[in-house]
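Student: Counted the way numbering that gives the first Met the number 0 counts, the sequence shown spans residues 0 to 274. We put the CB at the ideal spot given by N, CA and C, even for glycine.
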Amino acid sequence: MSLSLYPLIAPVIAIVLLVLLITKVKLHPFLALILTSGFLGCAAGLAPTAVVKSFEKGFGGILSSVGLVVSLGTMLGGLLLESGGPDRIANAFIGLGSTRWIPAAICAASLLIGLPHLFDVSFVMLVPLVYAIAHRTKSPLMMVGIPMAAGLYVSHGLLPPHPSPTLALAALHADAGRTIFYGLLVAVPMSILSGPMFTAFVMRFWPVTPGDGLYSPAVADNKPERQSPLLSLVLITVLMPPVLMMIRTFVPQLRGDRHAAARSARNHRRSGRSA
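#1: From His134 to Tyr181, what distance separates their C-alpha atoms?
#2: In three-state DSSP terms, what is His27?
#3: Report yes if the C-beta distance between Leu32 and Ala13 is below 8 angstroms; otherwise report no.
#4: In angstroms with no decimal places, state the Cα-to-Cα distance between Asp211 and Val129.
#5: Compare the beta carbon distance of Thr98 and Ser138 with 8 angstroms and say whether it is the shorter of the two.
#6: Taking all protein chains shown into account, do 16 or more other C-beta atoms lie within 10 angstroms of the C-beta of Pro241, making it buried, or fewer, making it exposed?
#7: Closest Cβ-Cβ distance between Asp119 and chain D: below 8 angstroms?
#8: For the alpha helix (DSSP H) holding His155, just list the boundary residues, first then last.
#9: Classify Ser154: buried if its beta carbon has 16 or more other beta carbons within 10 angstroms, exposed otherwise.
#10: Excluding the five sequence neighbours on either side, which residues of its own chain have a C-beta within less than 6 angstroms of the C-beta of Ile145, listed in chain order?
#11: Can you tell which of Ile132, Met141 and Lys56 has its C-alpha closest to the C-alpha of Phe204?
#12: By Cβ distance below 7 angstroms, which residues in the same chain neighbour Val50 in space, the five residues on each side in sequence not counted?
#13: Helix, strand or coil, according to DSSP, for Leu229 in the structure here?
#14: Should Ser163 go down as buried or exposed, given a rule of 16 or more other Cβ atoms within 10 Å for buried?
#15: Under a Cβ-count criterion, where at least 16 other Cβ atoms within 10 Å of its own Cβ denotes burial, should Pro10 be classed as buried or exposed?
#16: Roughly how many whole angstroms lie between the Cα atoms of Ala167 and Gly113?
#17: Do Pro228 and Ser82 count as a contact pair if the criterion is CB distance below 8 angstroms?
#18: Out of Gly194, Leu234 and Ile246, which has the shortest C-alpha to C-alpha gap to Leu111?
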């Protein structure tokens, strides 16, 4: 094996090992990540003791910068989950238009619901709702499920306080408000492409309907009845953290630009008088 290719081949082997440990061995992802990182460190030429020390230092550094953000985001998601807020958002979006707008509506709702929730929590929470919406609107099941998963994936991969975007934010010393703002600029068109547009393409070849045995009333209707919170209160709770982060970033900048423009105008007037 060429030494010049080894730095590229070792990470590929580590990724394959990680996938196999999770999918085939059924190992917990956290343990699989630890073993894979240990393998990658040893493959890079580090001694086992140096790998352990490097892992401890890196893990501690990551937690010191992103642990609080991820924990608070998880707590907010748990509060919304227990209050029935995601169901309220999804039902409100579904009721905005006709059946043909369901993929766009459920994708937008999933993108919004996924902001404070971790992906696995949001997915498990919304799957019964997907079955219920498909049954209630007599729509193909995949027409609801694909855009739901697309919205959650995009939110999980691009927007804080999810672990990966928050880790990238801390590693690059980026601004949280700008990260959310530019993340939304990318997330919205990506959600449209991977949600409603991809669903319309797939449904030409795989029109699975609730009547094909994929719908189970016991699964969809198993959730206990409870009083739904106000939609306005749910939206405020979900949107307040990212809005506050963006205000913290852009309002001082706009204020500074106005002050700079005012100072420039005063200097210009003074120079005109002196002339």
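Tutor: If we stick to the structure as given:
#1: Rounded to the nearest angstrom, the two C-alpha atoms are 37 angstroms apart.
#2: coil
#3: no
#4: Residue placement at Asp211 is flagged as unreliable, the pLDDT there being 45, under the threshold of 50; a coordinate-derived value is accordingly withheld.
#5: Contact flag set, yes.
#6: buried
#7: Absent here is chain D; the protein component of the structure consists of one chain.
#8: Leu140 to Leu157
#9: buried
#10: Excluding residues within five positions, the ones whose Cβ falls inside 6 angstroms are Thr198.
#11: Met141
#12: Cβ neighbours of Val50 beyond the five flanking positions: Gly37, Gly40 and Cys41.
#13: coil
#14: exposed
#15: exposed
#16: C-alpha separation (whole angstroms): 18 angstroms.
#17: Judged by beta-carbon spacing, Pro228 lies within the 8 angstroms limit of Ser82, meaning their Cβ atoms are closer than that value.
#18: Leu234
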